[in-house]
Structures are given as C-alpha cells and as structure tokens.
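Per the numbering used here, the sequence shown starts with residue 29, numbered consecutively.
Every residue gets a Cβ at the ideal spot worked out from N, C-alpha and C, and that includes glycine.
Read the structure below first, then the notes.
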Amino acid sequence: MQLPYLSGYPDHLLEQVRTLIREQRLGPLLAKRYPQRHTTQSDAALRDYTMDLKARYLKSSSPLSKVVFDGKINIIKDALGLHSYVSRVQGSRLKAKNEIRIAALFKEAPPEFLEMIVVHELAHLREKDHNKAFYQLCCHMCPHYHQWEFDMRLWLTWRDLDKE
29 MQLPYLSGYP DHLLEQVRTL IREQRLGPLL AKRYPQRHTT QSDAALRDYT
79 MDLKARYLKS SSPLSKVVFD GKINIIKDAL GLHSYVSRVQ GSRLKAKNEI
129 RIAALFKEAP PEFLEMIVVH ELAHLREKDH NKAFYQLCCH MCPHYHQWEF
179 DMRLWLTWRD LDKE
C-alpha cells in the first residue's frame with residue numbers, strides 16, 4: 029500500500045499506519061484526536077488569522093500582500109501551502125511582495141492543521157529553506173508543530189482512502 033504523504037518516515041512507523049488502515053481504525057483515531065473543524069472559511073478570515081499569528085511571532089518580518097485559499101494547489105505534486113516572493117517593476121523601482129496560498133482542502137481541516145500550515149508558510153518569511161533554523165522557528169510559533177504535521181499527513185492519507 030502506497031502512502032505518498034508519509035514518504036520519508038521510518039518503515040516501522042509506516043507499518044503501524046498500514047495496520048491502522050487495514051483495521052479501519054485510522055479515521056476514528058483522527059476523529060477522536062481532532063474532533064473540531066475550524067471556522068476560517070473565507071480568504072478574508074484566513075488573512076486575519078494569518079496576520080494575527082504574524083503579529084504575535086514575526087512583528088519585524090516582511091509584510092504580506094496576499095493570503096488566500098487556493099483551489100489549484102496540487103497537494104502531492106506542489107505543496108500544502110505556498111509562500112511566494114513576487115517582484116514587480118513599478119516605475120524605476122522593483123517592488124517585492126510576499127504571498128501565502130493555502131490549499132483549499134484545508135477549509136475542511138481541524139484547526140490544528142490550519143495553524144500548522146500557516147505557521148509553516150509564515151516561517152518562510154524569515155527562513156527560505158527547510159533548515160534547522162526554519163523548524164526551530166516553526167516550533168517556537170507552534171510547539172506541537174511536528175506532531176501536527178505528522179497527524180495532518182495521516183489525515184490526508186485517510187481522506188484519500190475515504191474517497192475510494
């Protein structure tokens with residue numbers, strides 16, 4: 029059984045996930061652990077939510093020009109969210125703008141997963157690469173970052189299985 033969202037995790041962990049899937053316990057486990065769904069459903073609400081986190085943890089970082097849910101993000105091929113740095117010529121100046129796009133499927137996600145994705149994309153304002161400093165910043169903003177990322181990958185796996 030292929031587990032595309034969990035590639036890179038150790039085999040013993042993948043086997044535990046396969047067992048949960050075979051025994052049809054993955055969905056109930058996730059539902060018990062994450063019973064709530066967030067209420068951030070519009071782009072405006074997502075922007076407010078993101079700006080609140082940014083103000084709390086990254087006051088001196090570059091400003092954000094756009095924060096939106098994006099229905100065109102391919103979650104396996106592209107990413108779960110995207111941080112882009114867009115440069116535009118305005119007269120004789122070069123203007124740079126930061127944008128965050130979150131995959132639209134996260135409108136259905138538990139609040140913990142939305143927070144984890146937004147924190148991840150905000151961390152890119154300071155750290156462009158996925159290095160040690162990047163993950164330290166993610167954990168500073170969201171102490172449960174690594175657990176929520178793993179559980180979010182389980183949720184994506186379960187979501188795909190549920191569609192079959």
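Exercise for the section: Kindly say whether Met180, judged by its beta-carbon, lies nearer than 8 Å to any beta-carbon of chain D. Expected result: In the structure shown, chain D cannot be found, because there is only a single protein chain.
Problem - Buried versus exposed call for Leu41 [16 or more other C-beta atoms within 10 Å across all chains shown] - result: With fewer than 16 Cβ atoms within 10 Å of its Cβ, Leu41 is classed as exposed.
Practice task
Specify, as a first and last residue, the run of the alpha helix (DSSP H) that Lys135 falls within.
Solution key: Neither: Lys135 is in no alpha helix (DSSP H) and is coded neither H nor E.
Exercise for the section: Would you be able to state if there are at least three C-beta pairs under 8 Å between the region 120-137 and the region 38-53? Expected result: As far as the Cβ criterion goes, the region 38-53 does not touch the region 120-137, which means the pair count is below three.
Handout entry: Proximity winner among Val96, Lys100 and Glu140, relative to Leu74 (alpha-carbon distances)
Key = Each of Val96, Lys100 and Glu140 was checked against the Cα of Leu74, and the nearest Cα belongs to Val96.
Practice task
Can you tell me which of the three DSSP states Arg206 falls into?
Solution key: Given that the chain is displayed from residue 29 to residue 192, the structure contains no residue 206 and the question cannot be resolved.
Exercise for the section: Under 6 Å Cβ to Cβ from Ile101, same chain only, skipping five residues before and after it: list those, please. Expected result: Counting only residues of its own chain and dropping the five nearest sequence neighbours on each side, Ile101 has a CB closer than 6 Å to the CB of Ala131.
Exercise for the section: Answer yes or no: do Leu58 and Trp176 have a C-beta to C-beta separation smaller than 8 Å? Expected result: No.
Practice task
For Leu31, name the three-state secondary structure that DSSP assigns.
Solution key: Correct three-state label for Leu31: coil.
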